[in-house]
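Under our numbering, think of the first position of the sequence shown as 277, with each following residue one higher.
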Amino acid sequence: MKLLRVNMTDSQIRWEDVPPQYERLGGRALIAKVLLNEVPPTCDALGPHNKLIFSPGLLGGAMVATAGRLSVGGKSPLTGGTKEANAGGIAGDTLGKAGIKAIIVEGLGKPKQFQVLVIDGDKAELVPAEDVTGLGTYATADRLQEKYGTDASVSCIGQAGEYLMTGAGISTTGERDQRSNHAARGGLGAVMGSKGLKAVVIKKVTGKTVKFQDEQLFRTAAKEYAQKLINDPKLGTKGTQHLYGTASIVGAVNEMGSLPTRNFSVGQFPPSVELRGEKLRELILAREGKVGTRCMPGCVIACRNLFSDETGKPVVGSIQYETIALVGSNLGIENLDDVATLNYMCNDFGLDTIETGAALGVALEAGLAEFGDINGIVGLLKQVGEGTPLGRIIGCGAVTTGRVLGIRRVPACLGQAMPGYDPRSLKGNGVTYATSPQGADHTAGNAFGARKEVPPLGTEGQKALSLRLQIIAAMLDSTGLCLFSRPPIIANPQLMVDMLNGIYGWGWTKDDFDQFNRQVLRDELEFNRLAGKTRNDYRIPEYMREEPLPPHNTVFDVPDSDLDTVFDTL
Numbered sequence: 277m278k279l280l281r282v283n284m285t286d287s288q289i290r291w292e293d294v295p296p297q298y299e300r301l302g303g304r305a306l307i308a309k310v311l312l313n314e315v316p317p318t319c320d321a322l323g324p325h326n327k328l329i330f331s332p333g334l335l336g337g338a339m340v341a342t343a344g345r346l347s348v349g350g351k352s353p354l355t356g357g358t359k360e361a362n363a364g365g366i367a368g369d370t371l372g373k374a375g376i377k378a379i380i381v382e383g384l385g386k387p388k389q390f391q392v393l394v395i396d397g398d399k400a401e402l403v404p405a406e407d408v409t410g411l412g413t414y415a416t417a418d419r420l421q422e423k424y425g426t427d428a429s430v431s432c433i434g435q436a437g438e439y440l441m442t443g444a445g446i447s448t449t450g451e452r453d454q455r456s457n458h459a460a461r462g463g464l465g466a467v468m469g470s471k472g473l474k475a476v477v478i479k480k481v482t483g484k485t486v487k488f489q490d491e492q493l494f495r496t497a498a499k500e501y502a503q504k505l506i507n508d509p510k511l512g513t514k515g516t517q518h519l520y521g522t523a524s525i526v527g528a529v530n531e532m533g534s535l536p537t538r539n540f541s542v543g544q545f546p547p548s549v550e551l552r553g554e555k556l557r558e559l560i561l562a563r564e565g566k567v568g569t570r571c572m573p574g575c576v577i578a579c580r581n582l583f584s585d586e587t588g589k590p591v592v593g594s595i596q597y598e599t600i601a602l603v604g605s606n607l608g609i610e611n612l613d614d615v616a617t618l619n620y621m622c623n624d625f626g627l628d629t630i631e632t633g634a635a636l637g638v639a640l641e642a643g644l645a646e647f648g649d650i651n652g653i654v655g656l657l658k659q660v661g662e663g664t665p666l667g668r669i670i671g672c673g674a675v676t677t678g679r680v681l682g683i684r685r686v687p688a689c690l691g692q693a694m695p696g697y698d699p700r701s702l703k704g705n706g707v708t709y710a711t712s713p714q715g716a717d718h719t720a721g722n723a724f725g726a727r728k729e730v731p732p733l734g735t736e737g738q739k740a741l742s743l744r745l746q747i748i749a750a751m752l753d754s755t756g757l758c759l760f761s762r763p764p765i766i767a768n769p770q771l772m773v774d775m776l777n778g779i780y781g782w783g784w785t786k787d788d789f790d791q792f793n794r795q796v797l798r799d800e801l802e803f804n805r806l807a808g809k810t811r812n813d814y815r816i817p818e819y820m821r822e823e824p825l826p827p828h829n830t831v832f833d834v835p836d837s838d839l840d841t842v843f844d845t846l
């Protein structure tokens, strides 16, 4: 495999052999190691010394079910620490098939002179981006696919990334109707914009496949893994994840009193019945939209959807739980059509719906519009795309919005907005938010699925649960697996060990694999330590430790002594 280094300062591109220290890494693991080895931890995240890394997971290109995710990483301008965000689509598998371990983007381009990186087999070049500069992600992807082929993958930023807004993510194209998949969290779209890179185009790879060291070992494990996903009662074709998508949990999160509502002031939203997965499926089918679609080739779960308006015109694919929570109930929005409108706008501007939804919630608390006022909220969001002073404030996330508007109640940890679970009533997630080197992130160790194992309102057991889940998350993000595909691997880690050994011939044991996963977190924590992050930077906001959350009237009260020792056994 090769590394592709792209220096935006002098437009130099070079292919390199993968150095030994990176050979057995991929995705999040590789990003963590590159940051630790090559990026000054205290550097300006939007300056020349930060690096933007695109990397497939270790299974990329091997066509393992749900294992084609693309990891993007760098030092986060939101958290000031390490960041990895990943997305579905076709880029991860395309890089894997092409034998590209990672694309490492360095330096800074000339201000407001954006370029597009085009990769075609063994050739790579930077070309001017005048024809797509200033465009949203949808139009950018359309124009570039018209030029380079509809089967080319396009990863790009919208206006938010061009403006260097720290709530900006990176959009990447996927299969058919799933044209907008986002590596959304941590402000990596702003890092891409700071480099002067508008898009990365990877033309379809032909005549190349992953070279297996033991194909039979790989095939046997991959087949068993896929079959277990298909047979899983929640993930198979009759399961809630396939039928209703991630929106299947809206009702459950609301019932447990953890659904972000009106800037995280309440844990239940009575109109949420209109936001549930069942309602989403009902509307989509009635309007001849699509349910059960895939964001990645070969996915057997197929949890995505294509939402259409009342006339049958497609609006957005796909409406996900986190978006429903943050731009729905969190803003007092009571119907899916309004959620879809805000979802589309965020996607097109290239914004993280979680960060932007939280920022808008803070803005509404400041009185810039009323909760539930869709016209007022749309007006605020339009300003983000236009780059007005207020729009730039909101586009830079919840913490910036709260600081400028004088709002104390800002739902964020390590500078990054919380996702769709209030930590006062799902305390395992609170531990993850308050300790993860990634900041408040639902994919870093989500305790929602373990709520029957460890009572979510109690403090006992949350520390050990969060550590276990964070190690699992590091594994998923480093191999390219979707979060929802974890059950077979958790039940039998040997399946993953066999798939990796079948591809690479490393001779790993389950213990080797466990140490690999743990090392990801060690590297990230070390980078953050060197960047100057202290325990106090990670803490749950003071108001969440003091203000009870209805309906359970609980606060986040996991002791600091537990939080400070989560990683003692890492």
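Idealized CB from N, CA, C, for every residue including glycine.
8 Å Cβ cutoff met for residue i and residue j
| i | j | result |
| --- | --- | --- |
| T358 | E800 | yes |
| A674 | G704 | no |
| L384 | T285 | yes |
| I747 | R794 | yes |
| V310 | I289 | no |
| K278 | I376 | yes |
| P827 | G543 | yes |
| G333 | G365 | no |
| E550 | N606 | no |
| M772 | F789 | yes |
| I446 | Q517 | no |
| V348 | V282 | no |
| V796 | R304 | yes |
| A497 | G781 | no |
| L402 | Q389 | no |
| S331 | L306 | yes |
| R557 | L511 | no |
| L371 | G336 | yes |
Buried versus exposed call for residue i [16 or more other C-beta atoms within 10 Å across all chains shown]
| i | result |
| --- | --- |
| D293 | exposed |
| S837 | exposed |
| D844 | exposed |
| T841 | exposed |
| V686 | buried |
| I766 | exposed |
| E314 | exposed |
| K471 | buried |
| P353 | buried |
| T587 | exposed |
| M509 | It is Pro, not Met, that sits at residue 509 in the sequence shown. Exposed, because fewer than 16 other Cβ atoms sit within 10 Å of the Cβ of P509. |
| R805 | exposed |
| A338 | buried |
| K484 | exposed |
From the options, residue whose alpha carbon lies closest to that of residue i
| i | options | result |
| --- | --- | --- |
| P817 | E802, Y709, P769, G778 | Y709 |
| V834 | R570, G696, G734, T355 | G734 |
| G223 | L702, R679, S701 | Lying before the first or after the last residue shown, residue 223 is absent from the chain, which here runs from 277 to 846. |
| E646 | F792, R538, T485 | R538 |
| D453 | E438, I653, L582, T632 | L582 |
| Q770 | L757, W784, Y780, F760 | W784 |
| M572 | S429, F792, A693 | S429 |
| V603 | R557, D585, L656, K351 | L656 |
| T355 | T318, G527, P387 | T318 |
| K566 | N829, R552, P590, T719 | P590 |
| R744 | T755, A726, K388 | A726 |
| Y424 | A459, N829, L464, K480 | K480 |
| G643 | N623, I669, L681, T617 | L681 |
| D649 | L618, P665, G302, P699 | L618 |
| C575 | F792, I506, Q492, T413 | I506 |
Identity of the residues DSSP links to residue i by a beta bridge
| i | result |
| --- | --- |
| T569 | R580 |
| V692 | Note that residue 692 is Gln in the sequence shown, not Val. According to DSSP, which records beta bridges pairwise, Q692 is partnered with C689. |
| D293 | K278 |
| F390 | The partner list for F390 (beta bridge, DSSP) is empty, contrary to what the question assumes. |
| Q288 | N283 |
| S347 | S331, N362 |
| S548 | For S548, which the question treats as bridged, DSSP gives no partner whatsoever. |
| L402 | L393 |
| S431 | T448, V476 |
| H458 | S447 |
Distance between beta carbons of residue j and residue i, contact taken as under 8 Å
| i | j | result |
| --- | --- | --- |
| I683 | V615 | With 8 Å as the limit, I683 and V615 do not qualify as a contact, their Cβ atoms being about 23 Å apart. |
| I630 | P695 | 5 Å |
| L627 | V660 | 7 Å |
| A400 | K474 | Actually they are not in contact, since the Cβ atoms of A400 and K474 sit about 15 Å apart, beyond 8 Å. |
Min CB distance residue i to chain B below 8 Å
| i | result |
| --- | --- |
| T442 | Absence of chain B from the displayed structure is noted, only one protein chain being present. |
Check: residue i C-beta below 7 Å from any heavy atom of the ligand ADP
| i | result |
| --- | --- |
| L556 | Among the components of this structure there are no ligands whatsoever, and the ligand ADP is therefore not found. |
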